[in-house]
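Here is the structure we will look at.
Number of protein chains: 4
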Amino acid sequence: MTTDSSLAPTETPATGEQPLTSVGVLGARGRMGVEVCTAVNAAEDLELVAMVDDGDWLFNVADAGAQVVVDFTRPDVVMDNIRFCIDQNIHCVVGTTGFDDQKLATIAGWLEPKPDVGVLIAPNFGIGAVLLMRFAQEAARFFPSVEIVELHHPGKVDAPSGTAARTARLVASARRAAGLPPGPDATREADSLPGARGADVEGVPVHSIRLTGLVAHEEVLLGAAGETLTLRHDSFDRASFMPGVLLAVRQISGRPGLTVGIESLLGL
Amino acid sequence: MTTDSSLAPTETPATGEQPLTSVGVLGARGRMGVEVCTAVNAAEDLELVAMVDDGDWLFNVADAGAQVVVDFTRPDVVMDNIRFCIDQNIHCVVGTTGFDDQKLATIAGWLEPKPDVGVLIAPNFGIGAVLLMRFAQEAARFFPSVEIVELHHPGKVDAPSGTAARTARLVASARRAAGLPPGPDATREADSLPGARGADVEGVPVHSIRLTGLVAHEEVLLGAAGETLTLRHDSFDRASFMPGVLLAVRQISGRPGLTVGIESLLGL
Amino acid sequence: MTTDSSLAPTETPATGEQPLTSVGVLGARGRMGVEVCTAVNAAEDLELVAMVDDGDWLFNVADAGAQVVVDFTRPDVVMDNIRFCIDQNIHCVVGTTGFDDQKLATIAGWLEPKPDVGVLIAPNFGIGAVLLMRFAQEAARFFPSVEIVELHHPGKVDAPSGTAARTARLVASARRAAGLPPGPDATREADSLPGARGADVEGVPVHSIRLTGLVAHEEVLLGAAGETLTLRHDSFDRASFMPGVLLAVRQISGRPGLTVGIESLLGL
Amino acid sequence: MTTDSSLAPTETPATGEQPLTSVGVLGARGRMGVEVCTAVNAAEDLELVAMVDDGDWLFNVADAGAQVVVDFTRPDVVMDNIRFCIDQNIHCVVGTTGFDDQKLATIAGWLEPKPDVGVLIAPNFGIGAVLLMRFAQEAARFFPSVEIVELHHPGKVDAPSGTAARTARLVASARRAAGLPPGPDATREADSLPGARGADVEGVPVHSIRLTGLVAHEEVLLGAAGETLTLRHDSFDRASFMPGVLLAVRQISGRPGLTVGIESLLGL
Numbered sequence: 704m705t706t707d708s709s710l711a712p713t714e715t716p717a718t719g720e721q722p723l724t725s726v727g728v729l730g731a732r733g734r735m736g737v738e739v740c741t742a743v744n745a746a747e748d749l750e751l752v753a754m755v756d757d758g759d760w761l762f763n764v765a766d767a768g769a770q771v772v773v774d775f776t777r778p779d780v781v782m783d784n785i786r787f788c789i790d791q792n793i794h795c796v797v798g799t800t801g802f803d804d805q806k807l808a809t810i811a812g813w814l815e816p817k818p819d820v821g822v823l824i825a826p827n828f829g830i831g832a833v834l835l836m837r838f839a840q841e842a843a844r845f846f847p848s849v850e851i852v853e854l855h856h857p858g859k860v861d862a863p864s865g866t867a868a869r870t871a872r873l874v875a876s877a878r879r880a881a882g883l884p885p886g887p888d889a890t891r892e893a894d895s896l897p898g899a900r901g902a903d904v905e906g907v908p909v910h911s912i913r914l915t916g917l918v919a920h921e922e923v924l925l926g927a928a929g930e931t932l933t934l935r936h937d938s939f940d941r942a943s944f945m946p947g948v949l950l951a952v953r954q955i956s957g958r959p960g961l962t963v964g965i966e967s968l969l970g971l
Numbered sequence: 704m705t706t707d708s709s710l711a712p713t714e715t716p717a718t719g720e721q722p723l724t725s726v727g728v729l730g731a732r733g734r735m736g737v738e739v740c741t742a743v744n745a746a747e748d749l750e751l752v753a754m755v756d757d758g759d760w761l762f763n764v765a766d767a768g769a770q771v772v773v774d775f776t777r778p779d780v781v782m783d784n785i786r787f788c789i790d791q792n793i794h795c796v797v798g799t800t801g802f803d804d805q806k807l808a809t810i811a812g813w814l815e816p817k818p819d820v821g822v823l824i825a826p827n828f829g830i831g832a833v834l835l836m837r838f839a840q841e842a843a844r845f846f847p848s849v850e851i852v853e854l855h856h857p858g859k860v861d862a863p864s865g866t867a868a869r870t871a872r873l874v875a876s877a878r879r880a881a882g883l884p885p886g887p888d889a890t891r892e893a894d895s896l897p898g899a900r901g902a903d904v905e906g907v908p909v910h911s912i913r914l915t916g917l918v919a920h921e922e923v924l925l926g927a928a929g930e931t932l933t934l935r936h937d938s939f940d941r942a943s944f945m946p947g948v949l950l951a952v953r954q955i956s957g958r959p960g961l962t963v964g965i966e967s968l969l970g971l
Numbered sequence: 704m705t706t707d708s709s710l711a712p713t714e715t716p717a718t719g720e721q722p723l724t725s726v727g728v729l730g731a732r733g734r735m736g737v738e739v740c741t742a743v744n745a746a747e748d749l750e751l752v753a754m755v756d757d758g759d760w761l762f763n764v765a766d767a768g769a770q771v772v773v774d775f776t777r778p779d780v781v782m783d784n785i786r787f788c789i790d791q792n793i794h795c796v797v798g799t800t801g802f803d804d805q806k807l808a809t810i811a812g813w814l815e816p817k818p819d820v821g822v823l824i825a826p827n828f829g830i831g832a833v834l835l836m837r838f839a840q841e842a843a844r845f846f847p848s849v850e851i852v853e854l855h856h857p858g859k860v861d862a863p864s865g866t867a868a869r870t871a872r873l874v875a876s877a878r879r880a881a882g883l884p885p886g887p888d889a890t891r892e893a894d895s896l897p898g899a900r901g902a903d904v905e906g907v908p909v910h911s912i913r914l915t916g917l918v919a920h921e922e923v924l925l926g927a928a929g930e931t932l933t934l935r936h937d938s939f940d941r942a943s944f945m946p947g948v949l950l951a952v953r954q955i956s957g958r959p960g961l962t963v964g965i966e967s968l969l970g971l
Numbered sequence: 704m705t706t707d708s709s710l711a712p713t714e715t716p717a718t719g720e721q722p723l724t725s726v727g728v729l730g731a732r733g734r735m736g737v738e739v740c741t742a743v744n745a746a747e748d749l750e751l752v753a754m755v756d757d758g759d760w761l762f763n764v765a766d767a768g769a770q771v772v773v774d775f776t777r778p779d780v781v782m783d784n785i786r787f788c789i790d791q792n793i794h795c796v797v798g799t800t801g802f803d804d805q806k807l808a809t810i811a812g813w814l815e816p817k818p819d820v821g822v823l824i825a826p827n828f829g830i831g832a833v834l835l836m837r838f839a840q841e842a843a844r845f846f847p848s849v850e851i852v853e854l855h856h857p858g859k860v861d862a863p864s865g866t867a868a869r870t871a872r873l874v875a876s877a878r879r880a881a882g883l884p885p886g887p888d889a890t891r892e893a894d895s896l897p898g899a900r901g902a903d904v905e906g907v908p909v910h911s912i913r914l915t916g917l918v919a920h921e922e923v924l925l926g927a928a929g930e931t932l933t934l935r936h937d938s939f940d941r942a943s944f945m946p947g948v949l950l951a952v953r954q955i956s957g958r959p960g961l962t963v964g965i966e967s968l969l970g971l
């Protein structure tokens, strides 16, 4: 386990002599962008030097001397943003969605002639959610049974959630690697209602609950003879993504090339 | 709220002068029957006078002077047992399954010429489970959203469980009575996997989890703007049914006629 | 169970012909007042006719024709506000804190010559929290063991919370009424750390958790042989108090005199 | 992550050709010993060759050709048992309690002239409990707040439980290593009841709940701005320790020398 205190979610007071890292935010007026600006401003070792959104010049971030750019924009503009930053030798921390293997390969190509520049693209900056997935994956091979419950506000359109589906696939993969058979289940179709046993994601049942009052919650239940292990993550607020974003901002200059996900930054 | 201490699940010490109630057990060697015999033996105000099972004479319970009989037998013999007890002026507490409206009507007919005899038939003697259903029903009309999760060992063949399905119907009925529309749900079929949103029981989603290590558990989640109320019952052991059985044994002599369910005994 | 759909937390569409109820809000610029104004505006059967705060004339609410006033002000001004409203024949729904028996008696005295005016004073307008207390109280006598856990943000200064302490007293009272002995507990002081078993509130252990990320949560755990019943309320947002406030606003004209708490409005 | 399928808790079908491992059980008539005998009998790759308890000859296990001995006896006899096994070149898996640093050093000394013999001593063979501790330790440095709740049957004499106290110390150590300050807590003594905030174990609050119906349960709550991560282990039955015991039996021949705890066997 690393003892690097910069990983701690609290705002570690910077020692006076350490130079500040200059940060520019793209999509600064969006819901996530506003949170990022607030979090950067509150961090003593970071300085917010540029806030850019639709209608602003991208050159602002370069002119302002940003060393790192945080991008929470849109799939249709994020590739241009990343290319611009790489050209300008600015590291990128990207929370915008919509990346596929082809886009990732394109970015990797742009980075080849720039061995010092780092780009991190993460589908989820929530450290808690990432830990949940990691722990579920590690625990999976010790338990014959596993099921996932995800609970969200009723305005969500997809079921199961992307995070729950991803967790299920990681867990299923760990079970296959351990040679585990499917979880035991005596349910008889004739005695059951359709849907009762949830959605099947690579053999792992996933149940989606939609309830007024909830925000975003995920629970992994693992069972063995005489015991269960339950891992649960509750997210109440976008603020929960900021420690992960700041962690990436602080580490990206030391991680040249393309990084996908914040897992490798957590030192697990 | 009643203050009748006989409702308390602890074995209230009987005052020395109070005569003991004589109890016979039918199906005494079955899993539930064994538990009943143990529980009656441990109760200071009850006396176990007859244990009857396949191959024993039913007359034993009458000969032994049983005032109350507890029946955990089988659907194919329980009607004969009840008729015999009514004829002998013995009260019956019945946990055997398989009663429909017609059978209940038959029993009510048998009871007509016997105004002092009581028969109680209950699908569930678990006080916790009955309270859960009751509270869910009472709370339902205050919450736009409600979903039910039931969790059982993987040997269970039906999904959802009978108790969860019954809870869902009670909740649905309370919602209709309050004029509540269906719970909000923006799930789009195109973005979802089949089964993710659970089984539909009169408009209430019910999710069934099957996990090695679990026994029998039920959770009702109610949601309104900014808050949720969660009611959960965990049953680990058949012992959990005994307080309900003893409660019925103690009260049945004061409740002539046919009673279905233990709800009315709880004084709620 | 009542079928009065006006109890439902959704905004029941008012039938066109029904006259609107005119509502004034005192403390309209406070955190709760702002929520009340928003909720009244969103309700089709209510009309917000006056918003009053420090520096505004109290007469505004009378001049605007308010039939009901909602008061979320301060202990040092609320008695004057209530007196004024009673004099003007305006019903009062009061969420301001700090009432003791003497103040309640004073208000009852003011109401005597005004048999048509209603004043409702509630320490908690959260319907979920009130239901939790009610259910815990009803269930208490059936379980030998009961403990309470309350979980809040770390900025809270009191422990246990007022709601948890009140729940504990209600539960303890129900247990005494049922003749239940103290919950079983073999803990030996020599083998224990101080505080491990929580605070003692009339014999009921109460545990207070303070965690960054949490808002306000309460859990009542009830245990009997082989089973547990858990009742949990999670409150994420002040919005959760609004259904209770609106319920009171709608019912207060039919409830002359002094009412304490919203329990009696819930039709339980 | 290892893909060694022998770690899986299910009884992996042994390939027909693989020779069976011969196992002797010391303390075979004790509660844990009986479970171990049952589990060894059920495992296709293990053979139970000797069951020894008070009054039986220890030589039986050697005569029967045991390659591995499992010891669930008593602190006053376990050291003799271990010495005997080492002398006889039999590997030991020990669940008996009461080891301190001096005893461990003595055993290490006995093992020096026997480089092929392995002894594993574990305070807890529950894989779920060990995983919980491990995950809590890994997650600790990412969360400003952490508290622990442990829940047990009311017959338990110590509070907090040994496992919860150990978890708290591991978490506290991980927080110190990360330079985390104490968790935020605005509780004022004047507004609080003694014990409400739990026991203090190296700065981590631990709360102990004792409830009829429960068995052994532990929950670690971690909180950061806008999110919480909850890790919970529920143990219902001694059977839950058997996968850990069998895992040790299968691996001990490949792990000469002294091993404390099953953590290193889990391949985490």
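Protein chains in written order, with our numbering: chain A, 704 to 971; chain B, 704 to 971; chain C, 704 to 971; chain D, 704 to 971.
Built from N, CA and C at the ideal position, the CB exists for glycine as well.
Every value quoted in this text rests on a predicted model; they were computed, and no experiment measured them.
| said: Check whether the segment 818-832 of chain A and the segment 779-796 of chain A touch, using three or more Cβ-Cβ pairs below 8 Å as the test. | reply: yes
| task | Indicate whether the contact test is met: 3 or more Cβ pairs, each with one atom in the segment 751-768 of chain D and one in the segment 941-961 of chain D, closer than 8 Å. | result | no
| Counting only beta-carbon atoms, is B/F939 nearer than 8 Å to chain D? | yes
| field | Rounded separation between C/Q840 and C/V849 - CA only | value | 11 Å
| request: Evaluate A/N827 with the Cβ neighbour count: other Cβ atoms within 10 Å of its Cβ, from every protein chain shown; 16 or more gives buried, anything less gives exposed. | output: Burial state of A/N827 is buried, judged by a 10 Å Cβ sphere holding 16 or more other Cβ atoms.
| request: Taking C-beta pairs closer than 7 Å, name the residues in chain D that B/G858 reaches, listed in chain order. | output: Ordered by position in chain D, no residue passes the 7 Å Cβ test against B/G858, which lies about 15 Å from the chain.
| request: Check the Cβ of C/G916 against every Cβ in chain A and list those closer than 7 Å, keeping chain order. | output: F939
| query | Going by other Cβ atoms of all chains shown within 10 Å of its Cβ, with 16 needed for buried, is C/G929 buried or exposed? | reply | buried
| field | Contact residues within the segment 882-911 of chain C, judged by C-beta distance below 8 Å to chain D | value | Against chain D - using a Cβ distance shorter than 8 Å - the residues of the segment 882-911 of chain C are G886, P887, D888, A889, T890, R891, D894, S895, L896, P897, G898, A899, R900, G901, A902, D903, V904, P908, V909, H910, S911.
| Would D/P826 count as contacting chain A if we go by Cβ distances under 8 Å? | no
| query | For B/E905, which three-state DSSP category applies? | reply | coil
| query | What does A/A862 reach in chain B if we use C-beta pairs closer than 8 Å? | reply | T890, D894, S895, L896, A899, R900
| request: Could you say which of A/R732, A/Q721, A/Q954 lies nearest to A/G758 if we only look at CA atoms? | output: A/R732
| Residue of A/E738, A/D774, A/A753, A/N744 minimising C-alpha distance to A/G730 | A/D774
| Min CB distance A/W867 to chain D below 8 Å | It should be noted that the sequence gives Ala, not Trp, for residue 867 of chain A. Judged by the 8 Å Cβ criterion, A/A867 is not in contact with chain D.
| message | I need the straight-line Cα distance from A/D779 to A/R958, nearest angstrom please. | response | 26 Å
| field | Near-chain C residues of the segment 923-935 of chain D (beta-carbon distance less than 7 Å), N- to C-terminal order | value | L924, G926, A927, A928, G929, E930, T931
| message | Measuring straight from C-alpha to C-alpha, what distance separates D/S725 and A/F845? | response | 24 Å
| request: Just list the alpha helix (DSSP H) runs in the segment 775-853 of chain D, keeping only unbroken ones of 4 residues or longer that don't cross its boundaries, in chain order. | output: Fully contained in the segment 775-853 of chain D are the following alpha helix (DSSP H) runs of length 4 or more, in chain order: 778-790, 804-814, 830-842.
| query | Would you call the segment 896-908 of chain D and the segment 900-912 of chain C in contact, with 3 or more CB pairs under 8 Å? | reply | yes
| Proximity test, Cβ basis, 8 Å: C/F838 and chain B | Interface residue, yes.
| message | Determine, for B/G957, whether the minimum Cβ-Cβ distance to residues of chain C falls below 8 Å. | response | no
| message | So if DSSP puts B/T933 in a beta bridge, which residue, or which two residues, is it bridged to? | response | Per the DSSP secondary-structure output, B/T933 pairs in a beta bridge with B/L924, C/R935.
| Any residues in the segment 830-854 of chain C with a beta carbon nearer than 7 Å to a beta carbon of chain B? Which ones, in chain order? | I830, G831, L834, L835, F838, E841, A842, R844, F845, F846, P847
| message | With DSSP as the reference, identify every bridge partner of D/R913, one or two as the case may be. | response | D/H855
| task | Please find out if some non-hydrogen atom of the ligand PLP comes closer than 7 Å to the beta-carbon of B/R900. | result | The ligand PLP is not among the ligands present in this structure, which contains no ligands whatsoever.
| In chain order, what residues of the same chain have a beta carbon less than 7 Å from the beta carbon of B/R786, not counting five sequence neighbours either side? | W813
| field | Under 7 Å from the C-beta of A/S943: neighbouring residues of chain E | value | Included in the structure are the protein chains A, B, C and D, with no chain E among them.
| Smallest Cα separation from D/V737: which of D/D748, D/A753, D/P722? | D/A753
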